[in-house]
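Worksheet: one structure, shown below.
Number of protein chains: 4
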Amino acid sequence: MVKDEMGKMKVALLGATGAVGQRFVDMLNKHSYFELETLFGYSSAGKRYGEAVNWLLPTELPEEIKEKNISAVNTKDLDVDIVFSSLPSSAAKEVEIKFAKEGFPVLSNASAYRLHEMVPLVIPEVNPEHLEVIDAQKRELGTEGFIVTDPNCSTVGLSLALKPITNLYRVEKVVVNTLQAVSGAGYPGVSSLDIIDNVIPYIEKEEEKIGNETRKILGRLENNSFKDYNVKIHASCNRVPVKDGHLENVYLELSEKVDLDEVKEEIRNFIGEPQKLKLPTAPEKPLIIREEKDRPQPRFDKLAGSVPGMSVTIGRLRYGKNEKTLLFSLLVHNTIRGAAGCVLLLAELMKVKGFI
Amino acid sequence: MVKDEMGKMKVALLGATGAVGQRFVDMLNKHSYFELETLFGYSSAGKRYGEAVNWLLPTELPEEIKEKNISAVNTKDLDVDIVFSSLPSSAAKEVEIKFAKEGFPVLSNASAYRLHEMVPLVIPEVNPEHLEVIDAQKRELGTEGFIVTDPNCSTVGLSLALKPITNLYRVEKVVVNTLQAVSGAGYPGVSSLDIIDNVIPYIEKEEEKIGNETRKILGRLENNSFKDYNVKIHASCNRVPVKDGHLENVYLELSEKVDLDEVKEEIRNFIGEPQKLKLPTAPEKPLIIREEKDRPQPRFDKLAGSVPGMSVTIGRLRYGKNEKTLLFSLLVHNTIRGAAGCVLLLAELMKVKGFI
Amino acid sequence: MVKDEMGKMKVALLGATGAVGQRFVDMLNKHSYFELETLFGYSSAGKRYGEAVNWLLPTELPEEIKEKNISAVNTKDLDVDIVFSSLPSSAAKEVEIKFAKEGFPVLSNASAYRLHEMVPLVIPEVNPEHLEVIDAQKRELGTEGFIVTDPNCSTVGLSLALKPITNLYRVEKVVVNTLQAVSGAGYPGVSSLDIIDNVIPYIEKEEEKIGNETRKILGRLENNSFKDYNVKIHASCNRVPVKDGHLENVYLELSEKVDLDEVKEEIRNFIGEPQKLKLPTAPEKPLIIREEKDRPQPRFDKLAGSVPGMSVTIGRLRYGKNEKTLLFSLLVHNTIRGAAGCVLLLAELMKVKGFI
Amino acid sequence: MVKDEMGKMKVALLGATGAVGQRFVDMLNKHSYFELETLFGYSSAGKRYGEAVNWLLPTELPEEIKEKNISAVNTKDLDVDIVFSSLPSSAAKEVEIKFAKEGFPVLSNASAYRLHEMVPLVIPEVNPEHLEVIDAQKRELGTEGFIVTDPNCSTVGLSLALKPITNLYRVEKVVVNTLQAVSGAGYPGVSSLDIIDNVIPYIEKEEEKIGNETRKILGRLENNSFKDYNVKIHASCNRVPVKDGHLENVYLELSEKVDLDEVKEEIRNFIGEPQKLKLPTAPEKPLIIREEKDRPQPRFDKLAGSVPGMSVTIGRLRYGKNEKTLLFSLLVHNTIRGAAGCVLLLAELMKVKGFI
């Protein structure tokens, strides 16, 4: 292990200048476990980070990060414990496996390997036990490196919200409609000409991701083989002129009558291993219930939680036409809990549990 | 009948300065059947229309309308053939019945009487036969006056889209999610502080309206009694920062396997009485199907159709997880087809068919 | 003096539910000098604050404030040391003088008395010496009460930015163009229908205010009489679809050639009494200079400063066509430094200096 | 001359898929003088236009245009009378001169040659006499080809508005502040992440362009040499979240006292050669004055005029601090009158006057 003088683990970041990459940089700043050692870039390689990045966050970019040089993507002489990836999917496909084969643990926010049969797709509070497949993956690769992934931003919100409900009941059907923020498309991403005074009822590949990923996350790992949770998921995804925060309207059918109060109680009390282990990026409550009639909303709830942006807010929880159907709305900060924050929390969990 | 020198019927308008009222004024300008005779207002009574109104439309307000005086709401000396109403529901409750009892046909966009057992709730292409209840209503009121209503803006889009599908199949369940424009809330309506960079997952009473109204519209009139269409409708309504045009994502469950091509064909060929009668405000096609992967969108489709804003655009028509489920998105111009235009088309139909 | 058990001064707030009123409530929460004792309202009187207010801020409204009852506006039995006012101007005209005559110090953000010959119009860092007129005002009123005002939100930004420049040079002419946020119009304020995909080149009375108030603030108090700073100010004010933060583009003509570096240095080093006295709401630097070519921007700079929103950011400082002309852009948070924060800082200064 | 069977001139278009290119395509559709023969593209060469373009306009793209193939940029075998260019400036520099040297008249909206001493920079109503330099330019190039340009979108609005005023008075100083729409930056242009709930007080090179171009346009051509109009112009340019329509706030200093009514009259009566010649794209009035206190606004005025988008709207015309200063706001549709429409009108004028 390559610890620095503070005893921190050293990390590299693939895709450092993108919208999610910037969240990684921001959240890794002064992190108690990890030290951002290497910033990788393609067209930006050779430049200082401060020059190359179009910094989007309200926080000031720290001077020492601004001055850091961006390296060409290369495993040679790389001396880090973890490689975080926020690459576009096409690049990730090729690059992440290369780093894994060279012996690096790759923790990725890219979609390339999420559904791979040997790659865990993990939300730390929901299915940390899926990490157990890593040994088999290592054996397959023949190195100490491996790939672990976190889900698509909309899936994170949905799966987190479903978890406590599936603790109580069998969920048989999900109809989910999303109103997704533009930062979900990266930077520059969505042209202002396309989205001012408009909404777009289509996001490429998003609807399939929500279905496939949610079924994998809520499923079981048995003998190093993933068994999907058996639920029909119908997703319709929309882009809206909001900067941060995906809103999702969820309709559920369950196998039996539901006790609404019991569901609320289960959601309110829901915690996972990150909370038990008091990990630095773990919010006290992964799920927050609001009782107001018009919540959640991006403006109020995107930074919800004791670690801002790491809690998913649930509101308008109500019966449908009968007591075997439930409706609610949820709000997930797409680049924090839905991306960089989820991977970072996963890294913290994996460190404490000895996976890295 | 009170025809003017051009042989046009004279009409009065309740709620003339509101967002829907302005659409009425705009669409009645140079109308071939109707002449806008009387503008009613409460706080604006006594003012000239040009002074009282905060005109929102890109068209210039005609000089002769600007100069018209707004009258206090009163049936005395009222010499018109039809009263259009775009009042808020609370005012409508009291006022519309008064006009009806005084012998005026009231064609209303307000929600107050939509679900009344003697009041037809009509989309001209969908359920014109419901108008037959008017005679019974007149008898009940003991006058020649009566009330006819058109649906909520979101319902218009949904019911129009469902009609050709119900011609082919039994629809058993609908899960509909709306992304509704701010003009749907009237003027001034939604504060900019509430909606810039935000969405709101709640619109008061809208979800119930969509369910109840759609069931009535798709239902039958039997012996002057309305029998609802038997379908479960689960609606989740959202306000988005778009000026005009409601987008709706629709999920359907049907009683049998569906032939997608047949559904498309039925939608494409769908017309109603207004088309057969070539009414002035009837678009050639009430429903337009788009094959692009990312349509409909408010910016492109809100003014769709040969009469701008009178056609509903349907896109992304696809199977769900099996062939008994369908998904699609639709776009309806909320203040044209979804409000003033629907009532106006209804008036045209009623005139031609002798109801007024 | 009416101190509570913590030794804090008790304050009342007029206009507590408005956009600026909410900022007062937020900034007074856990304030070290002041305790919010009484919330006044008109239509909201008798309700709990949590019911009556449409809370707009991302911070959660504290439970104890939610539970507070709103009182009818009345000086009877009022037991506070200070009355803050964020009333609309018309109400302020009548109400503020009543409170002053009853012996209360009224610190107001309303425009009603800003240009009154006995009322100081003060930005704490710019013209605290204007407070000396208070004694004369008290004599005139014949009580211990008085009125003190802070400027219009756009004026605060402009006057703060001009102050260090006027320390070095005579400013002879100002052409200022503003791009003002919707929160400047209060709540509900600007209708979303008026401002989505639009800008409006007019804000009622704003242009005159900027001219008249800036001249008074930069002027002198001599023998209890205000002498305006002699400068021509031409303002053009625009409303833009931004929630918070007024941007102003400023063009200056000076009486002599300007040394740009000297101006920057003077701005960078500029502090006032609040900084010297280390008042709780005083930012370390009232003015921040950015060197990037495209700053300030509302999204990045509205919460600038060690006390978020209390610093004005200046950017793009450059010569015009010759060295006697200067151009720059500034950004002021309109409801913090431009309203509630400015009054609160003023109250802190007045407390420490013994005016209250 | 290469006329088609309808006797129309054939034209080629450089930069056909961009935001301005699309306006050209739209405005050339069914044009009575010109037939769009050749669409040039770089990365899109070889594709059908319907595939390659991300069509942004509300009008439907005509089928025959959708089916047209995009050609690689090449003068070989090119058989057209005119080449329109909406290339980015860097590409224009190299390409336009090549086409001119090969004998083609190039009418360009690019900035590359606007300030060239042999190239006319023309608004058809303002300085058509500058076209006389073309003969000298041809001699210099040694071919029948040449380059003619139209100004930057903001300059078009400013110069058109100033022209009638300079007919009456000497304008000595201009301070102009712009609020520019995102379509001015092309497509995809401004990222939605940069502009939602924000404004940006900087547009690269725009401020210099407004100054330099306006001085050239209002200047004289003497013996084939351009003499700038002698006026100091200070511009500050801002990007705002508006799709179409640049708003400009203008402050003027004149050499003598101004009669405001006379100025209005001159603006109202202002026409140029295009109006006298009744050219197809000439609006009846190039300038429209609005008397409302809050106009012009993008939403209402961007499509002003008898040819939608070809008239500039002026509002809030008023004195400044004395009668030698004037202030007003103007609105110009940046991609119609400010770009494609201006070049097209110029082409019509040049055709009728025999330049092409």
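Note that the protein sequences, when read in sequence, are chains Y, D, X and W.
In our numbering, each residue's number is its place in the first sequence (first place is 1) plus 39.
In our numbering, each residue's number is its place in the second sequence (first place is 1) plus 39.
In our numbering, each residue's number is its place in the third sequence (first place is 1) plus 39.
In our numbering, each residue's number is its place in the fourth sequence (first place is 1) plus 39.
Ideal Cβ placement from N, Cα and C applies to all residues, glycine included.
Quick caveat: nothing in here was measured; it's all calculated off a predicted structure.
Applying the 10 Å Cβ sphere with the 16-neighbour rule, what's the burial state of residue i?
i                : result
Lys248 (chain D) : buried
Thr98 (chain X)  : exposed
Gly80 (chain Y)  : buried
Leu383 (chain X) : buried
Gly60 (chain Y)  : buried
Asp298 (chain W) : exposed
Asp116 (chain W) : exposed
Tell me the residue span of the alpha helix (DSSP H) that contains residue i.
i                : result
Lys105 (chain D) : Glu102 to Lys105
Pro203 (chain W) : Cys192 to Leu207
Leu18 (chain Y)  : In this structure chain Y extends from 40 to 395, so residue 18 (chain Y) is not present and cannot be described.
Glu245 (chain D) : Glu245 to Ile256
Arg307 (chain X) : Leu299 to Asn308
Arg62 (chain W)  : Ala58 to Leu67
Lys137 (chain D) : Ser128 to Lys140
Does residue i have its Cβ less than 7 Å from a Cβ in chain D?
i                : result
Ile239 (chain Y) : yes
Ser193 (chain X) : no
Ser83 (chain Y)  : no
Asn288 (chain Y) : yes
Val297 (chain Y) : no
Leu359 (chain Y) : Per the sequence presented here, residue 359 (chain Y) reads as Gly, with Leu not at that position. So, interface residue.
Can you tell me where the beta strand (DSSP E) with residue i in it begins and where it stops?
i                : result
Val329 (chain D) : A small correction: the amino acid at residue 329 (chain D) is Arg; Val does not occupy that position in the sequence shown. Counting along the chain, the beta strand (DSSP E) containing Arg329 (chain D) begins and ends at Leu326 to Arg329.
Lys49 (chain X)  : Met48 to Leu53
Leu218 (chain Y) : Val210 to Gln219
Tyr88 (chain W)  : Looking at the DSSP string, Tyr88 (chain W) is not in any beta strand (DSSP E); the run it does join, the alpha helix (DSSP H), is Tyr88 to Ala91.
With a cut-off of 7 Å, does the C-beta of residue i fall near any C-beta of chain Y?
i                : result
Asp236 (chain X) : yes
Val269 (chain D) : For the record, residue 269 (chain D) in the displayed sequence is Asn; it is not Val. No, no contact with chain Y.
Pro322 (chain D) : no
Ser4 (chain W)   : With chain W running from 40 to 395 in the structure shown, residue 4 (chain W) is simply not present.
Val281 (chain D) : yes
I'd like the list of long-range same chain contacts for residue i, defined as Cβ closer than 7 Å, with 5 residues on each side in sequence excluded.
i                : result
Ala111 (chain W) : Ala84
Leu78 (chain X)  : Leu52, Ala55, Tyr88, Lys107, Ile109 and Ser110
Phe394 (chain X) : Leu170 and Ile173
Glu183 (chain Y) : Gly142 and Lys177
Using a Cβ-Cβ cut-off of 8 Å (strictly less than) and excluding sequence neighbours within five positions of residue i, which residues of its own chain qualify?
i                : result
Leu366 (chain W) : Asn288, Val289, Tyr290, Leu291, Arg355, Leu356, Arg357, Tyr358 and Gly359
Val270 (chain W) : Val210, Glu211, Lys212, Val213, Thr253, Arg254 and Leu257
Can you find a C-beta in chain X that's less than 7 Å from the C-beta of residue i?
i                : result
Pro167 (chain W) : no
Ser125 (chain D) : no
Lys255 (chain W) : no
Ser129 (chain D) : no
Pro319 (chain D) : no
Val214 (chain W) : yes
For residue i and chain W, any beta-carbon pair shorter than 7 Å?
i                : result
Lys244 (chain X) : no
Gln336 (chain X) : yes
Val221 (chain Y) : yes
Which residues in the same chain have their Cβ closer than 6 Å to the Cβ of residue i, if we skip the five residues on either side of it in sequence?
i                : result
Asn216 (chain W) : Ser275 and Asn288
*Members of the stretch 342-353 of chain Y that neighbour chain X once the beta carbon cut-off is set at 8 Å*: Leu342
_Counting only Cβ-Cβ distances shorter than 7 Å, please list the residues of the stretch 78-106 of chain X near chain Y, keeping chain order._
Pro97
*Please name the residues in the stretch 64-75 of chain D whose beta-carbon is closer than 7 Å to at least one beta-carbon of chain W, in chain order.*
none
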